[in-house]
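Novice:
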Amino acid sequence: MTMPPAPWPLVGRDAELAVLRSALAGPRPRSVVLVGPAGVGKTRLARAAAAEAARPGPAPRWVTATHSSARTPLGVFSPLLGAADAGAGETADTYEDLLRRSARVLASESAGRAALFVDDAHLLDDASAGLLQQLVATGAVAVVLTVRSGEPAPEAVTALWKDELAVRLELRLLDPDAVDALLGAALGGQVDRAAVAELAAHSGGNVLFLRELTLGALADGTLVDELGVWRLRGPLAPSDRIVELVGRRLSGLDEGALAVLELVAYAEPLGADDLAPVADAALLDRLHRAGLLVTERDGRRLRVRLAHPLYADVLRRRTSAVRVATMARALAERAERAGVRRRGDDLRLGLWRLDGGGGDPGDLLRAARTARWHYDFGLAERLASAAADAGAGFEARLLRAQTAALQGRPDEAGRQMAALVGAATGDAERARLAIAHIDVSWLCLGRVDEGLEVAAQAEVAIADPDLRDEIAGRRAGLVLGSEGPGAAAAIAVPLLRAAEGRSRVWLGLVASYGLGRLGRTTEALGAADRGYAAGQRLIEPDDWYPWFNLYARCEALAHAGRFADAEALARAQHRRGLQDGSSEARAWFLWHLCRTARDRGDVGAAERDAREAITLLRRLGRPGFEHSLLSLLAMAQGVAGDHAGAEESLGVLDRLGIEAPLWSWTDHLMARAWAAIAGGRISAAHRILVRAADDGERIGDLTGAAAALHDVARTGGAAAVRDRLVDLAGRIDGDLAVARRDHVVALCTGDAPSLESAAAAFHEMGAALLAAEAATDAAGAWRAAGSAGRADAAMRRAAALAEACPEARTPALASIEVRERLTPAERETALLAAAGRSNREIAAELQLSVRTIANRLQRTYNKLGISSRVELGRLVR
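According to the working numbering, the sequence shown is numbered sequentially starting from -15.
(1) Classify residue 154 as helix, strand or coil using the three-state DSSP reduction.
(2) First and last residue of the beta strand (DSSP E) that includes residue 648?
(3) Using CA atoms only, rank isn't needed, just tell me which of 29, 321 and 221 is closest to residue 205.
(4) Return the Cβ separation of residue 553 and residue 579 in integer angstroms, given the expectation that the two are a contact with Cβ distance under 8 Å.
(5) Exposed or buried, which one is residue 53 when buried takes at least 16 other CB atoms within 10 Å?
(6) Using only alpha-carbon positions, find the residue among 293, 752 and 250 that is nearest to residue 308.
(7) Restricting to Cα atoms, I'd like to know which of -2, 692 and 113 is closest to residue 49.
(8) Does DSSP put residue 210 in a helix, a strand or coil?
(9) Quick check on this structure: which residue in 542, 769 and 416 has the alpha carbon closest to the alpha carbon of residue 382?
(10) Can you tell me which residues form a DSSP beta bridge with residue 481?
(11) Distance check for residue 716 and residue 686, CA to CA, integer angstroms please.
(12) Roughly how far, in whole angstroms, is the beta-carbon of residue 277 from the beta-carbon of residue 286, given that I think they are within contact range, below 8 Å?
(13) Tell me, to the nearest whole angstrom, how far the beta carbon of residue 64 is from that of residue 28; I am working on the premise that it is less than 8 Å.
(14) Quick check: the region 469 to 484 against the region 651 to 671, are at least 3 beta-carbon pairs closer than 8 Å?
(15) By the three-class DSSP mapping on this structure, what secondary structure does residue 280 have?
(16) Need the endpoints of the beta strand (DSSP E) that residue 426 sits in, please.
(17) Do residue 791 and residue 587 have their C-beta atoms closer together than 7 Å?
(18) Mind checking residue 699: buried by the 16 CB within 10 Å criterion, or exposed?
(19) Against chain B, with Cβ distances strictly below 7 Å, would residue 559 count as a contact?
(20) Where do the ends of the alpha helix (DSSP H) carrying residue 807 lie?
(21) Which residue comes first and which comes last in the beta strand (DSSP E) that contains residue 101?
(22) Start and end of the beta strand (DSSP E) containing residue 405?
(23) Buried or exposed: which applies to residue 156, given that a residue is buried once 16 or more other Cβ atoms fall within 10 Å of its Cβ?
(24) Just how far apart, CA to CA, sit residue 835 and residue 696?
(25) Which residue wins for smallest C-alpha separation from residue 570, given the options 594, 826 and 547?
(26) Run through DSSP, which three-state label would residue 46 get?
(27) Quick check on this structure: which residue in 339, 342 and 332 has the alpha carbon closest to the alpha carbon of residue 351?
(28) Take residue 730 and list the residues in its own chain whose beta-carbon comes closer than 7 Å to its own, dropping the five residues that flank it on each side.
(29) State the DSSP-derived secondary structure class of residue 833, mapped to helix, strand or coil.
(30) Which first and last residues belong to the beta strand (DSSP E) in which residue 220 is found?
(31) Report back the beta-carbon spacing between residue 430 and residue 642 to the nearest angstrom; my notes put them in contact at under 8 Å.
(32) From the DSSP output, which residues share a beta bridge with residue 175?
(33) Count the other CB atoms, across all protein chains shown, that sit within 10 Å of the CB of residue 96; report buried if there are 16 or more and exposed otherwise.
(34) Residue 323 lies in the alpha helix (DSSP H); which residues open and close that run?
(35) Check each candidate in 724, 211 and 183 and name the one with the smallest Cα separation from residue 200.
(36) On the premise that residue 499 lies in contact with residue 528, defined as a C-beta separation below 8 Å, what is that separation, rounded to the nearest angstrom?
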């Protein structure tokens, strides 16, 4: 197990370090007092400042105040004073003599040296504090002190900032962005955003607690590296060191106070009425003043919480199971007497009954449903099992099976659903079971044929025409994967016109996705909006949340060329998924964000997003979706010129062992093509891209076909695809298809002004990489036309556009010299050589002799004025 380095890097403190640097390095050094709670990183920041102050110069002087040193006047300075007094030949007869000698020693030692650093200055004895105050006031010494907030400090220390003798610098807790950066630096890799959020919440932004939580999670295997992404695979547990640290904070409390804290830790937030049996107002006030409890207003109700999340973690760990059961029963009985009044009360009641026993089956089932829609699938399964055991019947058993599937156990879920066939009574239950079984079959197990069989059997067994239409709508999703967007839209669009409720939510998703791929983007947006509106009107959510329709809207917006609108919606929904704890929502919107990297050029972010989404889908057990995401990961790596990485991702994809879903078939083929391009195999890539276009037209993915043909054009094959892309663009809504068409036509004619117009159109819609490539094309066209000044201006625009996609490495971004001077054959050979292929390997790829390849490379070197493959790689990449 790789452990983070010690000490951790200093992250998120640039502003504070700049203040320290300015104070200490100025013409007249000023003192600084660093103030903050324990563990916030005061000492770490002070040591970083000390290290800077010592370059160049002698080692900084550092002392740490302690309770023991405070018992002796000037005891904290004894290491410095003792060394300085050696051989001085004088003694301190009086306290005043000692003060004078100490001041003289510290002042003389400071001349030309770094400032004096005093850690934990709130523990200084009065004599030491007074001495520092005098020295700072006279300018004899510049000091940096760390002081713990909330602790009493000597008046002389407080006077330093009150009298403006020193700069007071308050260190705040790290925000989530700083926690993300710190974890990434400490762990040496990408960290799942949900893990960042959980670690930030549990640590409260306290660096010490964050470090201990992270080390503990690494040690017990809770924090793991999957596909290059660090993620949590279980709840955080406080390490022994955290238990010890918090234990010191709780020491000295009487049994009554501990009982209150245990109750709040178990069930926070609690109202004052819930605490009345164990705590009066005086006790609550005492715990509040001690910094152990915090109170807040929720409307007219007073809510009580623990002051830090880790206090709750530690208290829960040390509370016995017997005590937990007793508290749970008491809370449940009180809630049942009062009645469930607020949103979320049903879930709390269900949880208390789980821990305390008993409970009404209906209450347990309602709690299970609430947990399911709050994405707490583990708790939902436990509650559904308890409800089923208590006699809740079919609904509880079905929910138990669904939550098993949502936690990545689809085989178990399928068995449970098969066992429920005989228990379903009436068309409504048969339809719900069939729909759930269909979803598990194709989404989780990748068994489209099994899903189609379940749908066929259900349509025979169900008499209600509306429910049969709902099953038919589910079949449209199966067809999306097995036959493609065109066939799925043909089923879903007519059904959507008359659909209501849950059926409209689902059909809106399938219809919108299919229509978007067909290029009917205006209709696709309308279908997504109708599905979303229907989902918002549902009293209880369907298995497919309304946000699935927002995903479909993102896709349709991107197909139309409205990349900025699509990105804004996807990022907002991703943040919502993170807040709600929905791994599924996060994965789907990350899926969208990385799908546009081929056009927009944000390949670094796309690779990170794809890796995170893949880990989320793997945890949920979604092999078909994982296949699609691995394709997009490989595509982003190919656009970045990372041939090895793209091939590795495609290898992982192949090892999934499932049939590629046709909803993303063109993306999959384009990923293989871009992997070939990254390896310099342009001709092979063009063959794959033409196949993608052929298949796209056959399965109804016209937008995918157009993108594939445009990829051929932008990598040197414009003439071969112009007429076909012109025809396709006439069948696709939106500005993107038009811009692709205009770009290819201008490439074929060498029309520099039209190429510049294409670049402007791509830039306007947010396709930065396509804009940079088109601007580079314009520069080449201007150069060919003899307009060197306009060519240089176009290249400057291309460079500015390319700054938005710095990690992209595509053939179209090669230098003008390469594009002008090399024939297509020489250029392909150069790309293969730049990718590390030997002459023999290049000859085998192009089906030429080794001698021909050697001669071709030599001509290339002569034309470009270079002599090595290293120089060649820099030019063609």
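All residues carry an ideal CB built from backbone N, CA and C; glycine is no exception.
Specialist: Well, looking at it:
(1) strand
(2) Segment: none, residue 648 is in no beta strand (DSSP E) and carries neither H nor E.
(3) Considering only alpha carbons, the answer is 221.
(4) That pair is no contact at about 14 Å.
(5) buried
(6) 250
(7) 113
(8) strand
(9) Residue 382 has its Cα closest to that of 416, out of 542, 769 and 416.
(10) Partner(s): none; residue 481 has no beta bridge.
(11) 7 Å
(12) In fact, because the Cβ distance is near 11 Å, the residues do not count as touching under 8 Å.
(13) Actually they do not touch by this definition, with Cβ atoms about 22 Å apart.
(14) no
(15) strand
(16) From DSSP, residue 426 is part of no beta strand (DSSP E); its letter is neither H nor E.
(17) yes
(18) Counting Cβ neighbours within 10 Å, residue 699 comes out buried, since at least 16 surround it.
(19) In the displayed structure, chain B is absent; only one protein chain is listed.
(20) Element bounds for residue 807: n/a, residue is neither H nor E.
(21) 100 to 103
(22) Run containing residue 405: none; DSSP gives neither H nor E here.
(23) exposed
(24) The alpha-carbon atoms of residue 835 and residue 696 are separated by roughly 29 Å.
(25) Residue 594 is the option with its Cα nearest to residue 570.
(26) strand
(27) 332
(28) 738, 739 and 742
(29) coil
(30) From DSSP, residue 220 is part of no beta strand (DSSP E); its letter is neither H nor E.
(31) Between residue 642 and residue 430 the Cβ distance is about 4 Å, and since that is below 8 Å, they are a contact.
(32) Looking at the DSSP assignment, residue 175 forms a beta bridge with 214.
(33) Residue placement at residue 96 is poorly supported in this model, since its pLDDT is 48, which falls under 50; the coordinates are not used for a value here.
(34) Neither: residue 323 is in no alpha helix (DSSP H) and is coded neither H nor E.
(35) Taking the Cα of residue 200 as reference, the smallest distance to any Cα among 724, 211 and 183 is reached at 183.
(36) In fact, because the Cβ distance is near 17 Å, the residues do not count as touching under 8 Å.
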